[in-house]
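Using the numbering used here, the first residue of the sequence shown is number 14, and each one after it goes up by one.
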Amino acid sequence: MSTITGEQAAAGEVTSPNRLWQSIKKFLALSPALVWIFVLVLLPNIFLILYSVWENDLGTISQNWTLDNYSSLFQSEVFKTLLKRTLIISLVSTTIATLIAYPLAYVVVTKFGRYKTIAALLIIIPLWVSYLMRVFAWKIILGEEGVLNGMLMSLGITDKPSEAFLYSTTTVIVALTYVAIPYIFLSTYTALDRIPRHYYEASSDCGASPWGTFRNVIWPLSRPGVAVGFAIGFVLTFGDYVTPAMVGGLEGTMLGSIVLQEFGNANNWPMGAGIGVVIAGAGLLVLAVVSLFTRLDARIE
Numbered sequence: 014m015s016t017i018t019g020e021q022a023a024a025g026e027v028t029s030p031n032r033l034w035q036s037i038k039k040f041l042a043l044s045p046a047l048v049w050i051f052v053l054v055l056l057p058n059i060f061l062i063l064y065s066v067w068e069n070d071l072g073t074i075s076q077n078w079t080l081d082n083y084s085s086l087f088q089s090e091v092f093k094t095l096l097k098r099t100l101i102i103s104l105v106s107t108t109i110a111t112l113i114a115y116p117l118a119y120v121v122v123t124k125f126g127r128y129k130t131i132a133a134l135l136i137i138i139p140l141w142v143s144y145l146m147r148v149f150a151w152k153i154i155l156g157e158e159g160v161l162n163g164m165l166m167s168l169g170i171t172d173k174p175s176e177a178f179l180y181s182t183t184t185v186i187v188a189l190t191y192v193a194i195p196y197i198f199l200s201t202y203t204a205l206d207r208i209p210r211h212y213y214e215a216s217s218d219c220g221a222s223p224w225g226t227f228r229n230v231i232w233p234l235s236r237p238g239v240a241v242g243f244a245i246g247f248v249l250t251f252g253d254y255v256t257p258a259m260v261g262g263l264e265g266t267m268l269g270s271i272v273l274q275e276f277g278n279a280n281n282w283p284m285g286a287g288i289g290v291v292i293a294g295a296g297l298l299v300l301a302v303v304s305l306f307t308r309l310d311a312r313i314e
């Protein structure tokens, strides 16, 4: 029968405070990040949910709990139309952005060798520019006095500036696709870059064609990164209000634009908060689906 000596007991007494102190140090190290998350992420969302269940009495917020804001939303044909339009615009723009970003990332990873980092940085440079400026650039390009109209007139294709290029659903899709590409590219590039180079060589040595290597090796291993990029792009475009406000016009109005209107001119904060909760819920749902997909995909593989 073993016994605990005095030295072992003393060591245990020393070890226990040390472990406690180590835990305290880890918590202190994490505390700035935790405070940042609470103040800038959790707290605003808590207030958003609270406002969404309060009443609006002729512009005055009454802290009486109610679900009338949500019932009014889902009974409104205007809201249903905008929700459908927002979903379609987000899905289309994110899908197009993914179809552009994936081949771009694949070429950068496989063809640029030691210069791939420089090439990737050049592609994500738009992320360093103000979001507002990136969207405004499309207004300059597609406007009546814009670059596209000027080029068409100089080529003799049109006699006068066309208004068809701006303030439409198509314009919003084009602008949102451009906005989403760098984010999806970054996620896809990271996933592709993590695939060891000898996987390509081993597949080729086994007699696989380049297409066979891509289909059986590269695509399965890069799918999680593509899914994450798609989720980021969808969440980004679904909640966007700057792009439809600047280049969408009435035809390109999305839910984010209505949130801005409700918090602004309409002075109906509870309704705006309700729409904001719906947008946030849709984003969380997409993230949950992507998380489930990546886990199932990892188990299958």
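A virtual CB, placed ideally from N, CA and C, is assigned to each residue, including glycine.
Which first and last residues belong to the alpha helix (DSSP H) in which residue 73 is found?
-> Not the alpha helix (DSSP H): residue 73 falls in the beta strand (DSSP E), residues 73-75.
Measure the C-alpha to C-alpha separation of residue 102 and residue 193 and round it to an integer number of angstroms.
-> Straight-line Cα distance between these residues: approximately 12 Å.
Cutoff 8 Å; reference residue 260; Cβ partners in own chain excluding five residues on either side | Short of 8 Å from the beta carbon of residue 260, and not among the five residues preceding or following it, lie these beta carbons of its own chain, in chain order: 148, 151, 152, 155, 179, 180, 184, 185 and 188.
Pick out whichever of 295, 201, 305 and 301 has its Cα sitting closest to the Cα of residue 104.
-> Ranking the options by Cα distance to residue 104, first place goes to 295.
Three or more C-beta pairs closer than 8 Å, one from the region 61-73 and one from the region 277-284: is that the case here?
-> Put simply, the region 61-73 touches the region 277-284. At least three CB pairs are less than 8 Å apart.
Output the boundary residues of the alpha helix (DSSP H) element that contains residue 58.
-> Going by DSSP, residue 58 is part of the alpha helix (DSSP H) stretching over 56-65.
Where residue 176 falls: helix, strand or coil (DSSP) | In the structure shown, residue 176 falls within a coil segment according to DSSP collapsed to helix, strand and coil.
As assigned by DSSP and simplified to three states, the class of residue 162 | The DSSP-derived three-state label of residue 162 is helix.
Whose C-alpha, out of 172, 144, 145 and 146, is nearest the C-alpha of residue 157?
-> If we check each option's Cα against that of residue 157, 172 comes out closest.
Just list the beta strand (DSSP E) runs in the region 252-311, keeping only unbroken ones of 3 residues or longer that don't cross its boundaries, in chain order.
-> Look at the region 252-311 and you find no whole run of beta strand (DSSP E) that is 3 residues long or longer.
Rank 250, 56 and 40 by C-alpha distance to the C-alpha of residue 197 and give the top, closest one.
-> The alpha carbon of residue 197 has as its nearest neighbour, out of 250, 56 and 40, the alpha carbon of 250.
Option in 202, 177 and 230 with minimal Cα separation from residue 214 | Selected option, being the one with the closest Cα: 230.
Should residue 226 and residue 216 be called a contact, given that it needs their Cβ atoms to be closer than 7 Å?
-> Result yes, Cβ atoms of residue 226 and residue 216 sit closer than 7 Å.
Just the C-alpha distance for residue 334 and residue 247, rounded to the nearest angstrom, thanks.
-> Outside the displayed range of the chain (14 to 314) lies residue 334, so it cannot be described from this structure.
For residue 206 versus residue 122, is the C-beta spacing smaller than 7 Å?
-> Taking C-beta atoms as the reference points, residue 206 and residue 122 count as a pair closer than 7 Å.
Which first and last residues belong to the alpha helix (DSSP H) in which residue 82 is found?
-> In the DSSP annotation of this structure, the continuous segment of the alpha helix (DSSP H) that includes residue 82 starts and ends at 81-88.
Given that a residue counts as buried once 16 or more other Cβ atoms are within 10 Å of its Cβ, and exposed if not, what is residue 106?
-> Buried, by the Cβ-count rule.
The alpha helix (DSSP H) with residue 214 in it runs from where to where?
-> 210-218 is the extent of the alpha helix (DSSP H) around residue 214.
Starting from the Cα of residue 288, find the closest Cα among 51, 168 and 276 and give me that residue.
-> Ranking 51, 168 and 276 by Cα distance to residue 288 puts 276 first.
Buried/exposed call for residue 220, threshold 16 Cβ in 10 Å | Exposed, since its Cβ has fewer than 16 Cβ neighbours within 10 Å.
Check whether residue 244 and residue 299 have beta carbons under 7 Å apart = In contact: residue 244 and residue 299 (Cβ atoms closer than 7 Å).
Whether residue 132 touches residue 201 by CB criterion (7 Å) | With a cutoff of 7 Å on beta-carbon distance, residue 132 and residue 201 are scored as not near each other.
Pull up the distance between the alpha-carbon of residue 62 and that of residue 290, whole angstroms please.
-> Taking the straight line joining both Cα atoms gives about 7 Å.
Distance, Cα to Cα, residue 273 vs residue 209?
-> Here the C-alpha atom of residue 273 lies approximately 46 Å from the C-alpha atom of residue 209.
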